[in-house]
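J.: This structure is in structure tokens; I'll ask about it shortly.
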Amino acid sequence: YKLADKTGASIAEFRDEIVTIKKEVDATMAALDKIVTTAATDPRKAFKDFDKAVPRIDNAAKKARKRGEEIKARGQAYFKSWDKELAGVNNAEIRQLAEQRKAKLEQTFAGIRTSMEPVRDQFNTWLADLKDLHKYLNNDLTIGGIDAAKDLIAKTKNEGRDVQESMDKVIAELNTIVATLTPAQKAKK
Numbered sequence: 198y199k200l201a202d203k204t205g206a207s208i209a210e211f212r213d214e215i216v217t218i219k220k221e222v223d224a225t226m227a228a229l230d231k232i233v234t235t236a237a238t239d240p241r242k243a244f245k246d247f248d249k250a251v252p253r254i255d256n257a258a259k260k261a262r263k264r265g266e267e268i269k270a271r272g273q274a275y276f277k278s279w280d281k282e283l284a285g286v287n288n289a290e291i292r293q294l295a296e297q298r299k300a301k302l303e304q305t306f307a308g309i310r311t312s313m314e315p316v317r318d319q320f321n322t323w324l325a326d327l328k329d330l331h332k333y334l335n336n337d338l339t340i341g342g343i344d345a346a347k348d349l350i351a352k353t354k355n356e357g358r359d360v361q362e363s364m365d366k367v368i369a370e371l372n373t374i375v376a377t378l379t380p381a382q383k384a385k386k
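Sequential numbering of the sequence shown, starting at 198, is according to this note's numbering.
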């Protein structure tokens, strides 16, 4: 159960990192809105917020990628340990029950990868577009430049919302996995 607790904790941290990415996407989209609304006056402050938000998203994504690799390694170690423990079980009923449970958890872990890959690809595409938009605005932060980019800004924001919806689904799945791997605990006072 200790290895399961560590694996569950790692998955919970991964979930928290995805939540952080979602918050950074919100901040970035808010900054884009401000750039558009302040285009006729002075968009510099809004751009500074946007300029800070883009690397924060990129850093949060790198951290989540690293955590994802860690989860994969912990999961492999967890199932390897489980196999070792099963080898020492003599009772056929208990062994069968444990094998069924292990198979179900392995399927759940495979589901993480299956659901994460399209989200990762969707996010990476959006982030690349966001970085390009950042470069564009960095070079042309004028009323005309911002006005010309309004459709791209709207597209980037829509894709950002789509990314967030996809992340919500992954977060829900990760919550289920954490609950499956770790025993219930008393509420801390």
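All C-beta atoms, glycine included, are put in the ideal place defined by N, C-alpha and C.
Give, in chain order, every unbroken run of the alpha helix (DSSP H) that is at least 4 residues long and sits entirely within the stretch 226–264.
T.: The qualifying runs do not exist here; there are none.
J.: Could you give the C-beta distance for V375 and G265, rounded to a whole number, given that I count them as a contact under 8 Å?
T.: In fact, because the Cβ distance is near 15 Å, the residues do not count as touching under 8 Å.
J.: Counting along the chain, where does the alpha helix (DSSP H) carrying N288 start and finish?
T.: Element bounds for N288: n/a, residue is neither H nor E.
J.: So for L338, helix, strand or coil by DSSP?
T.: Correct three-state label for L338: coil.
J.: If the criterion is Cβ atoms closer than 8 Å, does the pair L334 and I232 meet it?
T.: Yes; because the gap between Cβ atoms is below 8 Å, this pair is in contact.
J.: Flag this pair as yes or no: are the beta carbons of K354 and M226 separated by less than 8 Å?
T.: It is a contact, given that the beta carbons lie within the stated cut-off.
J.: Can you round the beta-carbon distance between E290 and A257 to whole angstroms, since I take them to be within the 8 Å contact cut?
T.: Not really, about 46 Å apart at Cβ, beyond 8 Å.
J.: Which class does T377 belong to by DSSP, given the choice of helix, strand or coil?
T.: T377 falls in the helix class under three-state DSSP.
J.: Given a cut-off of 8 Å on the beta-carbon distance, is the pair E221 and R262 in contact?
T.: Not a contact, by the Cβ cut-off of 8 Å.
J.: Applying the criterion that 16 or more other CB atoms from any shown protein chain within 10 Å of the CB defines a buried residue, is L283 buried or exposed?
T.: Burial call: exposed.
J.: Quick one, are the C-beta atoms of E267 and S312 less than 8 Å apart?
T.: Contact: no.
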